Amino acid sequence: MKIAVLGAGNVGSALAARLIEVGHHVLLAASEPGSPRLAAAAAISGAETGSAADAAAAADLAVIAVPFTAIDALLTDEVRDALAGKVVIDATNPLATDYMSLTIGHSTSAGEQVAERLPRSRVVKAFNTVFAATLATPVLGGVKQLLPVAGDDTEAKQAVIALGNELGFEALDAGPLTNARYLEPAVEFLIQLAYGQGLGANIGLHLARA
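In structure tokens:
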């Protein structure tokens with residue numbers, strides 16, 4: 099597939115590299131097409147670069163991988179038009195500036211708020227529960243990391259589950275998009291373990307089965 103990764107930070111650059119590794123054509127975009135960070139991410143991953151609108155228009159599927167606070171700046175009218183009808187993976191988390199808490203929750207989620215801004219797109223919540231540091235290592239401690247996938251469009255959700263499995267994770271149907279309200283706190287718990295409790299970033303979620 100042609101996949102637009104909208105965001106060239108730690109998550110976007112790591113995900114772009116993994117998608118290219120398994121054979122997808124990646125179009126990587128940042129808020130500033132000429133930014134050094136975008137150029138560095140493209141050099142490492144091998145992705146093409148361009149504006150967010152151009153990447154979204156050319157892609158079969160898009161991933162939003164900017165900080166949640168940058169959503170409104172990213173989703174211009176042109177970008178939203180380009181994403182109409184397409185599967186859009188929201189990989190954001192509503193983290194505070196120190197990363198040690200969430201800014202929204204309980205009655206809404208970043209996933210739902212992204213969907214509100216993209217009413218013509220097929221928004222699916224995924225990849226937000228995996229640290230950028232472990233996107234390249236889907237198997238930790240001998241077991242696959244869990245990749246919950248939440249959304250209201252069954253076909254779109256299945257496409258994202260297939261993509262997650264292709265990347266080596268245990269992708270799982272996590273129910274409707276409202277369940278993003280529980281997936282986003284799950285990654286905050288991982289952050290607390292990694293940085294608050296000193297376990298480091300080489301950790302992830304696993305679903306134990308009887």
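Those letters in the sequence shown? Residues 99 to 308, by this note's numbering. Where a beta carbon is used, it is the ideal one built from N, C-alpha and C, also for glycine. Here the structure is a predicted model, which is why all the values come from computation and not from measurement.
Minimum C-alpha distance to residue i - residue among the options
i, options, result
"Gly203", "Pro192, Lys242 and Thr147", "Pro192"
"Glu146", "Ile259, Ala127 and Gln211", "Ala127"
"Ser111", "Arg279, Ala234, Leu288 and Asn263", "Ala234"
"Ile169", "Leu113, Ala248 and Ala150", "Ala150"
"Ala138", "Asn263, Gly107 and Asp158", "Gly107"
"Gly294", "Phe229, Val124 and Met198", "Met198"
"Ala155", "Asp179, Ile289, Lys255 and Ala308", "Asp179"
"Ala272", "Leu136, Thr174 and Leu244", "Leu244"
"Ser205", "Pro131, Ala308, Pro246 and Pro283", "Pro283"
Range of the contiguous alpha helix (DSSP H) that encloses residue i
i, result
"Gly249", "Taken as a continuous stretch (DSSP letters only), Gly249 belongs to no alpha helix (DSSP H), being part of the beta strand (DSSP E) at Leu244 to Gly249."
"Asp271", "Run containing Asp271: none in the alpha helix (DSSP H); it sits in the beta strand (DSSP E), Glu268 to Asp271."
"Asp196", "That residue, Asp196, is in no alpha helix (DSSP H); it is neither H nor E in DSSP."
Beta carbon of residue i nearer than 9 Å to that of residue j
i, j, result
"Ala269", "Leu281", "no"
"Pro344", "Phe267", "No statement about residue 344 is possible, as the shown extent of the chain runs from 99 to 308 and does not include it."
"Val161", "Ala102", "yes"
"Leu275", "Glu176", "no"
"Ala163", "Ala278", "no"
"Lys184", "Arg215", "no"
"Leu117", "Leu238", "no"
Presumed contact (8 Å Cβ cut-off) between residue i and residue j, rounded CB distance
i, j, result
"Ala153", "Leu104", "7 Å"
"Asn226", "Val186", "Between Val186 and Asn226 the Cβ distance is about 13 Å, and since that is not below 8 Å, they are no contact."
"Lys223", "Asp188", "5 Å"
Residue i - containing beta strand (DSSP E), residue span
i, result
"Ala160", "Leu159 to Ile162"
"Ala240", "Strictly speaking, residue 240 in this sequence is Gly, with Ala absent from that position. Careful: Gly240 lies outside any beta strand (DSSP E) and carries neither H nor E."
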